[in-house]
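Taking it in order: structure first as structure tokens, then the write-up.
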Amino acid sequence: MAKKLDADQQLRAAQPEEVTVHVPLELLWDFDSLTTVKKDILGRLGCLACTSGFDIRWKGVREFVVNPALEVRQLNELGR
Amino acid sequence: MSRLDLGVGLALMPGLIDELERVADLVDCLEVEPQTFWWETGDPDAPFRLDRDDVVGLTHRVDAVLVHGVTSPIGGSRRPGPFMVQLFAETAELLGARLASEHLAFNEACSDDHGSPATAATFSTAFFLPPRQTASGVEVAADAIHLFQAALSTPFSIETPVSYLRPRADEMDDGAYVAAVAERADCGILLDLHNIWANQRNGRQNAREYVDQLPLDRIWEVHLAGGFERHGYWLDAHSGGLHPELLALADDVLPRLPALRAVVYEILPEFVSQDGHDGLRCDLEAIQRLVAVSGRRRVATPAPHIAPRTPPPAPNHEPRDGPDSWEQALATLSIGRSADHAGQLGVELADDPGIELLRELVAAGRNGRVASSLPLTTQLLLTSLGVDGVDDTFADYAAATEPAMWGSDEGRRFAAWAQQRFVDHPSILAALRFDIAALDSVRTNHPATIEVEFEPLTFIASIHDGRSTDDVPTGRFRVTVG
Numbered sequence: 053m054a055k056k057l058d059a060d061q062q063l064r065a066a067q068p069e070e071v072t073v074h075v076p077l078e079l080l081w082d083f084d085s086l087t088t089v090k091k092d093i094l095g096r097l098g099c100l101a102c103t104s105g106f107d108i109r110w111k112g113v114r115e116f117v118v119n120p121a122l123e124v125r126q127l128n129e130l131g132r
Numbered sequence: 045m046s047r048l049d050l051g052v053g054l055a056l057m058p059g060l061i062d063e064l065e066r067v068a069d070l071v072d073c074l075e076v077e078p079q080t081f082w083w084e085t086g087d088p089d090a091p092f093r094l095d096r097d098d099v100v101g102l103t104h105r106v107d108a109v110l111v112h113g114v115t116s117p118i119g120g121s122r123r124p125g126p127f128m129v130q131l132f133a134e135t136a137e138l139l140g141a142r143l144a145s146e147h148l149a150f151n152e153a154c155s156d157d158h159g160s161p162a163t164a165a166t167f168s169t170a171f172f173l174p175p176r177q178t179a180s181g182v183e184v185a186a187d188a189i190h191l192f193q194a195a196l197s198t199p200f201s202i203e204t205p206v207s208y209l210r211p212r213a214d215e216m217d218d219g220a221y222v223a224a225v226a227e228r229a230d231c232g233i234l235l236d237l238h239n240i241w242a243n244q245r246n247g248r249q250n251a252r253e254y255v256d257q258l259p260l261d262r263i264w265e266v267h268l269a270g271g272f273e274r275h276g277y278w279l280d281a282h283s284g285g286l287h288p289e290l291l292a293l294a295d296d297v298l299p300r301l302p303a304l305r306a307v308v309y310e311i312l313p314e315f316v317s318q319d320g321h322d323g324l325r326c327d328l329e330a331i332q333r334l335v336a337v338s339g340r341r342r343v344a345t346p347a348p349h350i351a352p353r354t355p356p357p358a359p360n361h362e363p364r365d366g367p368d369s370w371e372q373a374l375a376t377l378s379i380g381r382s383a384d385h386a387g388q389l390g391v392e393l394a395d396d397p398g399i400e401l402l403r404e405l406v407a408a409g410r411n412g413r414v415a416s417s418l419p420l421t422t423q424l425l426l427t428s429l430g431v432d433g434v435d436d437t438f439a440d441y442a443a444a445t446e447p448a449m450w451g452s453d454e455g456r457r458f459a460a461w462a463q464q465r466f467v468d469h470p471s472i473l474a475a476l477r478f479d480i481a482a483l484d485s486v487r488t489n490h491p492a493t494i495e496v497e498f499e500p501l502t503f504i505a506s507i508h509d510g511r512s513t514d515d516v517p518t519g520r521f522r523v524t525v526g
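See the structure below:
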């Protein structure tokens, strides 16, 4: 879900030219709602898939995004 | 040290850290991937640095730690790089690790089968593939193990691999091969019972026969995990749950292991709770019961004694295809290339139905790494192209490029490819710039600056909401990300 912009951000956003904006990683990658993109990838950019198993991350994102109720369902269906 | 002195362990991933307190009464030790404490540097000569503060933070939370590598498997003819081995050893030392292990597998191969393995260009599969189970395969594995042993002050073990391929007449039995490697290298064995049980289900050696071929006093650690079936194969998916047949196998095998020190459970964070069921706690309780019963039973074999033995007999003659040809053929097929690029052995291997599964698993890994490292771009692609469109895009990307081992590298590789593919789509190009800036910021620990033509906050909010970016105000924006 979109974050609410504070007044200062809205003011800056309304100016069309030569605007400098700071975007925190937490806002850019929307950690609160995109549940399959974990905060842990911030620090450890890597190795979940260095296994011999099935990487479920893309499937999780697919199901999350295409489900308008924002429910994560696919993980259960895959695992059981 | 006494038998089962390290008790029941949990394989720790960053996403499981929040679960630790809840199951603290069931976890006696933690198995950690050293790579968890490594940060990218961008320096090709020293690509990672060790986060010592994080290591110290973990050691305060648990009595015993085991380390389990996930990037430098020791089953292939490409030796692990000295920097990675040294960093592995340094991390193990700092953690005060009681045991160390790596996978008896390979994930890298020469680009063609004519060059010397030491000098030829290589490519990564970013996925563990089964090693060549021949006498020369034993030798290359032993050489790689010696590199770890020389750097480590911790006892080193090799993990029994999973294989989705059919057994081959020109190879040793699975158990005999692992035994030969362990004896030749004089190392321990991490017996992954789920792996060898999955192998049995998928048509390979019977798991109990496999264990019978192992030197039992070299088995210092056991792995248990859950999996699921896909296309008729049982996958080593770490998806929670302990199959009753696996528990029965463990019940038979554990009491036979005189030098066993820990039984470790592997589960991905995504599967910890399903349908309101606390699978993690339930499975750990089952393993605690198993270990308690096993610990009480009398071990039938002699007390632990690690002594060199005569390796089991090798096949009568070394097969035509050595480890390097095997790795080149299997890796080429697994990353989706045709058998035309995989030599004579590749043509033969392509008939194995397990190859199609490996291709799917390798592709799933690549898609997962792109989706995780480029989340804004992925979400915009889904909104713009739909699920089928993104699947097609990922397939085209995979066909045009080779896998990257690390998530951020796969993200950057995809971004470079996508900048050409979507050259006429300014919103996708902008999303890529945002994601890459975020990766750069993480790498350097400083904000990264980019210029975009979309008002950034509205642009990001639109993507997160699944709305079109067509109405986002445009202009010249300098954005710091981080």
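Chains as they are written, first to last, in the numbering used here: chain A, 53 to 132; chain B, 45 to 526.
We treat Cβ as the ideally placed atom computed from N, Cα and C, and that holds for glycine.
Distance, B:Ala149 Cα to B:Ala133 Cα
19 Å
What number of angstroms, rounded off, separates the C-alpha of B:Ser428 from the C-alpha of B:Thr524?
26 Å
Considering B:Gly25, what are the terminal residues of the beta strand (DSSP E) in which it resides?
For chain B, the structure presents residues 45 to 526; residue 25 of chain B sits outside this window and is missing.
So which residues of chain A does B:Ile15 contact, with C-beta pairs closer than 8 Å?
Since the first and last residues shown for chain B are 45 and 526, residue 15 of chain B lies out of range.
Would you list, in sequence order, the uninterrupted alpha helix (DSSP H) runs of no fewer than 4 residues that lie entirely inside the stretch 100-155 of chain B?
126-139
For B:Pro117, which of B:Phe200, B:His287 and B:Thr445 has the nearest alpha-carbon?
B:Phe200
Roughly how many whole angstroms lie between the Cα atoms of B:Gln318 and A:Thr72?
44 Å
Give a yes or no on whether the C-beta atoms belonging to B:Arg123 and B:Val182 are separated by under 8 Å.
no
Just to confirm, are B:Asp280 and B:His238 a CB contact at a threshold of 8 Å?
yes
In chain order, what residues of the same chain lie with their CB nearer than 6 Å to the CB of B:Ala165, ignoring the 5 residues before and after it?
Ser155
Sequence-distant residues of its chain with Cβ nearer than 8 Å to B:Ala443 (five each side left out)
Gly380
Just the C-alpha distance for B:Asn170 and B:Pro447, rounded to the nearest angstrom, thanks.
Position check: residue 170 of chain B holds Ala in this sequence, whereas Asn was assumed. Distance between the alpha carbons of B:Ala170 and B:Pro447: 6 Å.
For a quick check, are the C-beta atoms of B:Leu377 and B:Gly366 less than 8 Å apart?
no
Between the CA atoms of B:Leu56 and B:Phe81 - distance to the nearest angstrom:
12 Å
Could you check whether the Cβ of B:Pro199 sits closer than 8 Å to any Cβ belonging to chain A?
no
Whole-Å CB distance - B:Leu70 paired with B:Glu329, under 8 Å assumed:
6 Å
CB of B:Pro299 within 8 Å of CB of B:Ser338, strictly
yes
Outcome for B:His282 when other beta-carbon atoms lying within 10 angstroms are tallied against a minimum of 16:
buried
Does chain A have any CB closer than 8 Å to the CB of B:Asn246?
no
How long is the line joining the alpha carbons of B:Gly455 and B:Gly323, rounded to whole angstroms?
32 Å
From B:Leu131, B:Asp395 and B:His287, pick the residue whose C-alpha is nearest to that of B:Arg93; which is it?
B:Leu131
Please report whether the beta-carbon of B:Ile504 lies at a distance below 8 Å from any beta-carbon of chain A.
yes
Do B:Ile233 and B:Ile263 come within 8 Å of each other at the CB atom, strictly closer than that value?
yes
What is the C-beta distance between B:Gly113 and B:Glu77, in whole angstroms, given that I count them as a contact (C-beta under 8 Å)?
7 Å
Is B:Thr437 helix, strand or coil by DSSP?
helix
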